[in-house]
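Going down the list, the protein sequences come from chains G and X.
With the first sequence counted from 1, adding 72 to any position gets you our numbering.
With the second sequence counted from 1, adding 13 to any position gets you our numbering.
Where is the CB? At the ideal position from N, CA and C, for every residue including glycine.
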Amino acid sequence: MVSILLRHLAVAGILLYSGAAFAADTYQANLGPMPLDASNRINMLGRGDATATLDSKTLTVSGTFAGLPSPATAAHLIVGAAIGVPGTEALELTVAQAASGSFSGKLTLNAKQAAAFRTGRLYVQIDSQKAPTGNLWGWLLPQHVDAPPGVPQQGPWFLPQLDTPSR
Amino acid sequence: MPIHGLKLGAALATAAAVTMFGLTSAAPQSAGPFTAVQASAGHSAFLENCASCHNRTLQGSGEAPALAGSAFMSSWGKRGANELYGVIKASMPLGNGNSLSSETYQEIVSFIFQANGATPGTRPFTGAATDKIAGFVTGKTPAGLLDAPVAAAPRRRAPVALTGLTVAGVVKNYTPVTDEMLTHPSENDWLMHRGNYQAWSFSRLNQINTSNVGSLQLRWVWAMDEAGRQQLNPLVHDGAMFVSNNRTNTVQALDARTGELIWENRIGPVLDNLENANRTMALYGNLLFYAATSTTLHALDARTGKEVWRTVVSTYKDDKIGGMTVIHGKLIIGLTRCDDRSVQDHCWIGAYDTATGKQLWRTLTIADKGTPGGDTWGNLTNDQRAGADAWITGSYDPELNLTYWGTGQAKPSRRDERGTDGDALFSNSTLALNPDTGKMQWYYQNAPGETLDLDEVYERVLVDHGNQKSVLEVGKTGVLWKLDRTNGKFLDLAQTVFQNVWVKFDKKTGRPTYRDDILKQKPGTALASCPSPQGGHDWPATSYDQPDDLLLIPLSQTCAMFGAGSQQFYEMPGSNGNLGRISAYEARTLKPVWTFQQRSPFLTSIISTAGGVGFVGDFDRVFTAFDVKTGKTLWNTRLGTGVQGFPVTFSVGGEQFIAVTTGTQGGSPVQKPATMLQEVHRSQTGQAVYVFALPKRH
């Protein structure tokens, strides 16, 4: 069973991206639209990217965005309950008040926030005039290689993992 | 319409369940802000535009939430009538918001109010009324309302006048299909849904290969009836191709080499309620079996199209026939959409005599009180136990004489709505049945007590490695399961896309544990679900490339906030906005071999061939050939609309052909990307079968 579990971990990329990997300094995020439906999707276009580096307790975040339907109004770093699960606790970033631009921040994390960062539970959120509760978001995940669309990657490849002791 | 609700019957579930899950029922209130005329017209409009997903009883189905009952009250009771109108108008029909007139939306909302017990008044509903919904609805559907005669809805399409055998002809040199042929199918044919009993979707044809597939050409195309959920798997035998059109329930035989129509039987009925995909037919002897959307099985003479027998499978109005296959002269079918909780409407897998249409056995996929597994539904009465739909064709091991079927989730999908947090057997399970008797040899529940509309119903692929006989399946969570198919014992698993629903698995049994907030769900609250109900994997099926021992799996990468009156979708973390993914895993070890992603999701199964080529189609109209060993694209072309269905390959006169269908409608795999891919525009018509081959030699 141990070998099976190890293979699970290897298959899922755990050996590369969780545990020790989550202790890596540099994380990256690709920003896309917040949860949407047909009634609000027109206000939630755009894309962005971010990188974040944790040095002791200091987290340095920077990134860019473009294509928002309305000017950005705020940017936050938010602690989620798990990767892909929205949260409420927010740290503020500075952001260009425009449809395209950059955002950044240098933040001191407490132990809980640092643990959240290392386990992929922090995400960047950008609000805009027409989407005041969130236009773009992206989860800060361990640095990894992304192949362009349509270009095959040979295994194993990056899949985010929930940080659970049993895996 | 993304409004969470619970059917009336569920609202009236046991008092204990109501207390347990904190549901409340509203008291009768005053007249609503709409008129009887509006509600009546809204009933017709609802049937035409909404019932295909939400069910004519407003119970919802799959990812489409119920629009009546206590969960509707929970989600919408405290909100204004204008808010409900605003959401429905902007987003419905899903993917086509604002496509109806304002008056029609007002009428539909009026009908929803009436179906929740509101009394019509004198004030016409304009969409502006801010009356709190709980102030005038009760959540109780008036007796007889849903079965009341409905004024004819204006037809958007011309009715099809002809019925019966409209084109007469004969398939020449047709040989009866035998058990031996089904067990060892000729590579020239495509005799059953997945190509062989093992559900491989693999062909030993190799004329089209990695070195020449780049010169593939369109050989012929056949336009099909518009509307209806087109997810067809054509069948091919002795140079004849059999296709079906589910809106008109029309079956056609075509010359597979030229596309010439041989015969056509417009069986009917013609339905405006386009609620079910008909993915496959079946062949045996001289008969072709077709499951009409009227829940009637038809046996046609495959040579002439003439009907030999027909039998009504279920009298419940909303039941549909899912998968079908023939084993030992028995037509094995699965029943789906069998979840009317106002009656004891259960799903089942059953067998019919291919010669007469007589039912031989049926095995329920729901455990009733007092039967094995019955205690996994808590105190729910039998009529409240629903779901476990068998909507995908099972596979078969001739040596073990076992047929393997998957089942869907329990219904309503969320535990807080269905009133039990039990495992709900035999939902989301793998069932091993004796095809001669229907006896359940073993079961394995992949997703006990599932709660986010994440089916485990999909294809069961049978693979042997030495003495190890395994059955492999990928469910909506994207977890690839490997079981010992002799006894149902858990062997292994692998995660194919990101998922955040399960936080751990039991190492010995594979039993998953749900995320804490999912376990503690409360009515009216949305839950984050990665994957979304679109599924990390859905009906577009896996291929097993046997020479390379590769499972080639179409995957999707979306998440959803599920519940609280709506579903809202978002990109899967780590996907970079790529909704589509194909991944190849070695079947023996589940080791990842290659993967690629793209913006649009895939909407066909994958087929692989001995020529080393795989084929797949996508949402954005692209049909692609790729190298099965590396995933590299070798050829692609763009078709009329979304490439949707089950590609097949066959040979006639020494030539290898590839066939694939295009289609325009569907459930979550179509609806989620239709909302998210704002830059992708597809034609709303264009259903057809396309056939490709290498250039003719002169």
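Could you check the C-alpha separation between residue i and residue j for me, to the nearest Å?
i: T166/G; j: L149/G; result: 11 Å
i: V325/X; j: E599/X; result: 43 Å
i: K533/X; j: G391/X; result: 17 Å
i: I346/X; j: K145/X; result: 46 Å
i: A168/G; j: A124/G; result: 18 Å
i: D366/X; j: L344/X; result: 6 Å
i: N649/X; j: L274/X; result: 27 Å
i: G488/X; j: E668/X; result: 36 Å
i: F628/X; j: A44/X; result: 58 Å
i: Q610/X; j: R594/X; result: 4 Å
i: V702/X; j: T271/X; result: 12 Å
i: T338/X; j: G227/X; result: 34 Å
i: L415/X; j: A54/X; result: 50 Å
i: M453/X; j: F59/X; result: 40 Å
i: P221/G; j: N591/X; result: 7 Å
i: Q700/X; j: G630/X; result: 14 Å
i: A573/X; j: S88/X; result: 17 Å
i: Q481/X; j: D497/X; result: 7 Å
i: T143/X; j: D530/X; result: 33 Å
i: Q226/G; j: K645/X; result: 11 Å
i: Q244/X; j: P682/X; result: 11 Å
i: G421/X; j: K709/X; result: 45 Å
Exposed or buried, residue i, counting other C-beta atoms within 10 Å across all chains shown (16 or more means buried)?
i: V196/G; result: buried
i: V223/G; result: exposed
i: S696/X; result: exposed
i: A141/X; result: exposed
i: T188/X; result: exposed
i: T328/X; result: exposed
i: V665/X; result: buried
i: K382/X; result: exposed
i: P15/X; result: At P15/X the pLDDT is 32, less than 50, meaning the model places this residue with poor confidence; the figure from the coordinates comes in the next sentence. Under this definition P15/X is a buried residue.
i: K371/X; result: exposed
i: Q691/X; result: exposed
i: Q230/X; result: exposed
i: S112/X; result: exposed
i: H478/X; result: exposed
i: P107/G; result: buried
i: G400/X; result: buried
i: W229/G; result: buried
i: P247/X; result: buried
Got a sec, what are the start and stop residues for the beta strand (DSSP E) residue i sits in?
i: H56/X; result: Careful: H56/X lies outside any beta strand (DSSP E), inside the alpha helix (DSSP H) at 49-62.
i: R232/X; result: 230-236
i: M254/X; result: 253-258
i: L188/G; result: The amino acid occupying residue 188/G in the given sequence is Ala; Leu does not appear at that position. Not the beta strand (DSSP E): A188/G falls in the alpha helix (DSSP H), residues 183-190.
i: W211/G; result: 208-211
i: I275/X; result: 274-279
i: L313/X; result: 309-314
Kindly indicate the opening and closing residues of the alpha helix (DSSP H) around residue i.
i: R428/X; result: 428-431
i: E193/X; result: 192-196
Report task. Enumerate, from N- to C-terminal direction, the unbroken beta strand (DSSP E) stretches of 3 or more residues contained entirely within the region 75-157 of chain X. Result -> none
Query raised in the report: What beta strand (DSSP E) runs, 3 residues minimum, are completely inside the region 661-693 of chain X?
Result: 661-665, 668-675
Query - At least three beta-carbon pairs within less than 8 Å, the region 175-182 of chain X to the region 65-81 of chain X - result: no
**Report entry** Within the region 536-600 of chain X, ranges of the beta strand (DSSP E) (whole runs, at least 3 residues)
**Finding:** 540-542, 556-558, 563-569, 571-576, 579-584, 593-599
Report task. For the region 209-219 of chain G and the region 175-186 of chain G, state whether three or more C-beta atom pairs, one from each stretch, are separated by less than 8 Å. Result -> no
Query raised in the report: Any chance the region 112-122 of chain G sits against the region 202-212 of chain G, with 3 or more Cβ pairs inside 8 Å?
Result: yes
Query raised in the report: Is it true that the region 346-364 of chain X meets the region 375-382 of chain X, where meeting means three or more beta-carbon pairs spaced less than 8 Å apart?
Result: yes
**Report entry** Contact the region 598-618 of chain X vs the region 497-511 of chain X: 3+ CB pairs below 8 Å
**Finding:** yes
Query raised in the report: Between the region 208-215 of chain X and the region 670-681 of chain X, do at least 3 Cβ pairs fall closer than 8 Å?
Result: no
Report task. Determine, using beta-carbon pairs with one atom in the region 303-313 of chain X and one in the region 250-263 of chain X, whether at least three such pairs fall under 8 Å. Result -> yes
Query raised in the report: When the Cβ atoms of the region 509-521 of chain X are set against those of the region 633-646 of chain X, are three or more pairs found closer than 8 Å?
Result: no
Query raised in the report: Does the pairing of the region 432-445 of chain X with the region 389-405 of chain X give three or more beta-carbon distances under 8 Å?
Result: yes
**Report entry** Stretch-stretch touch, CB-based, cutoff 8 Å, three pairs: the region 88-107 of chain X with the region 696-706 of chain X
**Finding:** no
Query raised in the report: Can you list, in chain order, the stretches of the alpha helix (DSSP H) that have 4 or more residues and sit fully within the region 360-423 of chain X?
Result: none
Query raised in the report: Touching or not, the region 460-472 of chain X and the region 549-561 of chain X, by the rule of three or more beta carbon pairs under 8 Å?
Result: yes
Requested in this report: Please go through the region 490-543 of chain X and give each complete alpha helix (DSSP H) segment of 4 or more residues, from N-terminal end onward.
Outcome: 529-532
Query - At least three beta-carbon pairs within less than 8 Å, the region 582-590 of chain X to the region 619-627 of chain X - result: no
Query - Residue ranges of each beta strand (DSSP E) within the region 616-668 of chain X, 3 or longer - result: 620-622, 626-630, 635-640, 646-651, 661-665
Query raised in the report: Enumerated in chain order, which unbroken segments of the beta strand (DSSP E) with a length of 3 residues or greater are wholly contained in the region 90-125 of chain G?
Result: 98-105
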